[in-house]
Amino acid sequence: MRSYNGSEMSRDIGIDLGTSSVLVSMGGRGIALKEPSVVAVRRDTGEIVCIGEEARKILGRAPANIHVVKPLQDGVISQYELAVKMLQYFLRKAIGTQIIKPRIFICIPGDITEVEEKAVYDAATGAGYSRPMLISEPVAAAIGAGIDISMPNGNLVVDIGGGTTDVAVISLGGVIASKSIKIAGDKFDEAIVRYIRNLHNVLIGERTAEELKRTIGTLTPGDPKYKDRYMDVTGRCLARGLPKVVRVYPHDIKAALTDPINQILDAITEVIDNTPPELDGDIVSNGILLTGGGSLLAGLGEVVTSCIGVRARIPQNPDQCVAIGTGKAMRFFSEGPTERALYGRYLR
Ligand SMILES: Nc1ncnc2c1ncn2[C@@H]1O[C@H](COP(=O)(O)OP(=O)(O)OP(=O)(O)O)[C@@H](O)[C@H]1O
Ligand SMILES: [Mg+2]
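Just so you know, we're using numbering that gives the first Met the number 0 here: the sequence shown kicks off at 0 and counts up by one.
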């Protein structure tokens with residue numbers, strides 16, 4: 000299986016082109032760039048004002064003539080031209096302009112359509128990188144978490160991003176069973192906005208909801224460390240149309256997230272159900288690997304462990320696993336890199 004002679008210090012570039020953020024990893028040398036997947040565009044001329052962190056700062060605060068856009072929605076490219084420009088900008092920022100371009104690997108969600116997949120391929124070629132290689136997100140997450148995916152050993156990976164949650168059982172370098180759902184961090188934020196509106200009749204912004212999720216969000220609010228925790232946030236009172244401050248507690252966030260979390264638990268159950276029973280023992284002994292920024296939600300590991308009945312484990316920097324694994328993917332290709340690249344095939 001390990002036919003490629005790539006070392007830890009390969010020049011390969013891995014790109015996690017995510018709904019929330021773009022990460023660029025350099026072979027085995029770690030993360031070179033992490034920026035939000037956001038572009039600010041002038042409405043009249045279409046001219047790009049700023050990209051990444053700078054654009055994120057003005058999200059929801061930009062004047063009327065500036066449109067702040069996320070070029071990816073639900074894990075796939077929704078605004079092609081902007082995605083190409085954003086990718087070009089990030090790659091230049093991360094690796095500069097090189098005459099001999101390194102090989103690039105880009106991850107894609109598990110259940111992507113051919114058209115969506117081609118958009119990612121074309122975005123990379125549009126950004127100046129010929130023959131990019133595409134790799135399935137959960138496979139990349141497993142590699143990035145240090146799993147040797149070439150072994151005949153079943154590993155269950157759950158990558159919870161901003162737009163999609165990818166659940167997959169991987170063995171011998173391939174995906175045995177998988178499911179990708181469009182329920183992840185962004186839907187968590189929307190659920191918090193809805194919950195606060197129903198509870199207080201106050202509309203908060205999605206950035207505020209995300210801050211609540213990261214700051215006081217937990218699925219185990221009974222934990223003593225959440226005693227006396229709360230956050231005061233300002234929204235618009237829907238009855239009076241004026242700003243209003245409301246106090247939000249950890250148990251509110253848990254209540255808001257119950258439905259999307261249950262949908263993720265259902266997807267995990269379904270994937271286990273579709274996995275040959277021979278691999279059950281591996282899954283139980285290896286545990287469930289949780290990756291993606293969404294897995295940083297406090298209490299998620301405990302909830303997955305108790306509801307699925309298999310120990311969940313979260314690696315260090317779970318939000319970087321996909322990018323790191325994408326950069327190291329080449330060593331798992333069974334054929335020579337050139338041949339693979341020429342045919343534009345990818346690791347599923
Ligand atoms: N500490 C935290 N607690 C809860 N959620 C978090 C935390 N940190 C980040 N997140 C969430 O993680 C999500 C982003 O994760 P990630 O960067 O893995 O997504 P992505 O790869 O860009 O998206 P996708 O894979 O769906 O295209 C966001 O919804 C963000 O709010
Ligand atoms: Mg992701």
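Each residue gets a CB set at the ideal place from its N, CA and C atoms; glycine is no exception.
Keep in mind it's a predicted model, so treat the numbers as computed, not measured.
Per DSSP, the unbroken alpha helix (DSSP H) holding Thr257 starts and ends at 249-272. Relative to the Cα of Arg312, the nearest Cα in the group Arg42, Leu155, Leu90 belongs to Leu155.
At a threshold of 7 Å, Thr163 counts as near ligand 1, since its beta carbon sits closer than that to one of the ligand's heavy atoms. Judged by DSSP in its simplified three-state form, Ser305 adopts helix. Runs of beta strand (DSSP E) with 3 or more residues, each lying fully within the segment 2-63, are found at 12-16, 20-25, 30-35, 38-41, 47-50, listed in chain order.
Distances taken from the Cβ of Ala183 to the heavy atoms of ligand 1 include one shorter than 7 Å. Non-local beta-carbon contacts of Lys253 in its own chain, meaning distances under 6 Å to residues more than five positions away in sequence, involve Leu218, Pro220 in chain order. Proximity to Ala141 across Gly298, Val244, Asn285 peaks at Asn285, based on C-alpha coordinates.
Assigned with DSSP and collapsed to three states, Arg228 falls in coil, not helix or strand. Residue Thr164 holds the alpha-carbon nearest to the alpha-carbon of Ile267 among Thr164, Ala139, Thr207. Between Leu90 and Val40, the C-beta spacing is not below 8 Å. Taking a cut-off of 8 Å for Cβ pairs, the segment 24-40 and the segment 190-208 do not touch, as fewer than three such pairs fall below it.
DSSP places Arg312 within a strand segment (E or B) once states are collapsed to three.
As the crow flies, the alpha-carbon of Ala144 is around 19 Å from that of Gly161. Under a 10 Å Cβ-count criterion, Asp258 is classified as exposed, with fewer than 16 other Cβ atoms of the shown protein chains found around its own Cβ. Along the segment 53-137, the alpha helix (DSSP H) occurs as fully enclosed runs of 4 or more residues at 79-94, 113-125, listed in sequence order. Gly280: member of the alpha helix (DSSP H) spanning 279-285, first to last residue. By the C-beta density criterion, Ile99 is exposed, having fewer than 16 other C-beta atoms within 10 angstroms. Judged by DSSP in its simplified three-state form, Thr214 adopts helix.
A distance criterion of 7 Å places the beta-carbon of Val37 beyond contact range of ligand 2, judged by its closest non-hydrogen atom. When the beta-carbon positions are compared, Ile287 and Val157 come within less than 8 Å of each other. Apart from the 5 residues on each side of it in sequence, Val247 sits with its Cβ closer than 8 Å to the Cβ of Ile195, Leu211, Ile215, Tyr229, Met230, Asp231, Val232 in its chain, given in chain order. It is roughly 11 Å from the alpha-carbon of Lys186 to the alpha-carbon of Ala208.
Shown here, Asp147 sits in coil according to DSSP, grouped into three states, outside any helix or strand.
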